[in-house]
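**Q**
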Amino acid sequence: MIDGGFVYWTRRSDKERSAIFRRALQPGSAPQFVSYAYSDPLAIANGQIYYADEDAIWSAPVQGGAPTKLVAIGSAEADSVVVDRGCLYWTNHRAIVRLGLAGKPPVTPEAIADELTFRGGAIATDGQYLYWLDGSRNRIWRAGRDAHARPPLPTLLARPAAFSGPQRPAAARRIDMGADWACVWAARTIGGCTSDAMREVE
97 MIDGGFVYWT
107 RRSDKERSAI
117 FRRALQPGSA
127 PQFVSYAYSD
137 PLAIANGQIY
147 YADEDAIWSA
157 PVQGGAPTKL
167 VAIGSAEADS
177 VVVDRGCLYW
187 TNHRAIVRLG
197 LAGKPPVTPE
207 AIADELTFRG
217 GAIATDGQYL
227 YWLDGSRNRI
237 WRAGRDAHAR
247 PPLPTLLARP
257 AAFSGPQRPA
267 AARRIDMGAD
277 WACVWAARTI
287 GGCTSDAMRE
297 VE
């Protein structure tokens with residue numbers, strides 16, 4: 097993961113524990129310890145790095161420092177994380193969940209998408225909406241980012257023609273957002289093998 101002139105990764109530390117490190121992109125820069133963690137970093141926002149570890153989602157300063165436990169997620173994995181407008185969003189194969197940060201609502205985790213509109217995949221934001229792909233039904237959804245809406249209702253945005261038919265994408269690998277456009281990278285199963293497909297949605 098690259099952000100703010102640094103690259104971030106997870107590897108074994110000197111104490112035989114996995115940890116997140118960062119290194120400046122300038123040649124010759126030395127690695128810097130950020131936080132102990134067994135997973136790769138999931139998101140970086142507002143000077144904090146977010147990751148899943150010990151059945152919870154944590155944050156730690158990107159310069160290094162004491163981590164903060166944000167929310168317990170139990171055995172459910174956090175696959176994709178977005179932090180924006182004072183809210184933490186994450187996916188767990190079955191739902192998209194959000195939690196307010198720094199005491200902002202919602203103060204307890206709440207699902208904004210369930211198995212009716214989400215079957216696993218990446219999430220992305222353009223600063224106004226949250227976007228995701230329902231890979232099992234070949235539909236792209238979005239929901240508003242207002243933290244006071246309890247919860248925001250998903251809206252069907254598009255059904256890409258390139259993903260229709262019997263050869264369906266398994267899940268969105270990445271969603272890239274821009275002004276009035278979106279690109280969805282997805283895994284497609286063809287003849288028992290998985291390949292990548294990309295579709296631009298205006």
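The numbering used here numbers the first residue of the sequence shown as 97 and each following residue consecutively.
From the three backbone atoms N, C-alpha and C, an ideal C-beta is built for every residue, glycine too.
Can you tell me which residues form a DSSP beta bridge with Ser-155?
**A** DSSP lists Tyr-146 and Thr-164 as partners of Ser-155.
**Q** Just checking, does the segment 135-152 make contact with the segment 162-179 on the three C-beta pairs under 8 Å criterion?
**A** yes
**Q** Within 10 angstroms of its Cβ, does Arg-118 collect 16 or more other Cβ (buried), or is it exposed?
**A** buried
**Q** According to DSSP, simplified to helix, strand and coil, what is Gly-214?
**A** According to the sequence displayed, residue 214 carries Phe and not Gly. DSSP places Phe-214 in coil when its eight states are reduced to three.
**Q** Does DSSP put Ser-131 in a helix, a strand or coil?
**A** strand
**Q** Where does the unbroken beta strand (DSSP E) through Ser-114 begin, and where does it stop?
**A** 114-120
**Q** On the DSSP letters alone, give me the boundaries of the beta strand (DSSP E) that Val-177 sits inside.
**A** 177-180
**Q** State the start and end residues of the unbroken beta strand (DSSP E) segment that holds Ala-220.
**A** 219-221
**Q** Start and end of the beta strand (DSSP E) containing Ala-209?
**A** 206-209
**Q** Relative to the C-alpha of Ile-219, which candidate in Asp-136, Gly-182 and Leu-229 has its C-alpha closest?
**A** Leu-229
**Q** Check Thr-197 in the structure and name its three-state DSSP category.
**A** Note on residue identity: the sequence assigns Leu, not Thr, to residue 197. If DSSP states are grouped into helix, strand and coil, Leu-197 belongs with coil.
**Q** Where do the N-terminal and C-terminal ends of the beta strand (DSSP E) with Val-103 fall, by residue?
**A** 102-108
**Q** Inspect the beta-carbon positions of Ala-139 and Tyr-132 and report whether they are closer than 7 Å.
**A** no
**Q** In the structure shown, what three-state DSSP assignment does Leu-184 receive?
**A** strand
**Q** Once the 5 residues before and after Pro-127 are set aside, which same chain residues still bring their CB inside 6 Å of it?
**A** The answer, listed in chain order, is Phe-117 and Arg-119.
**Q** Please check if any C-beta of chain C sits within less than 7 Å of the C-beta of Tyr-132.
**A** Of the protein chains in this structure there is only one, and it is not chain C.
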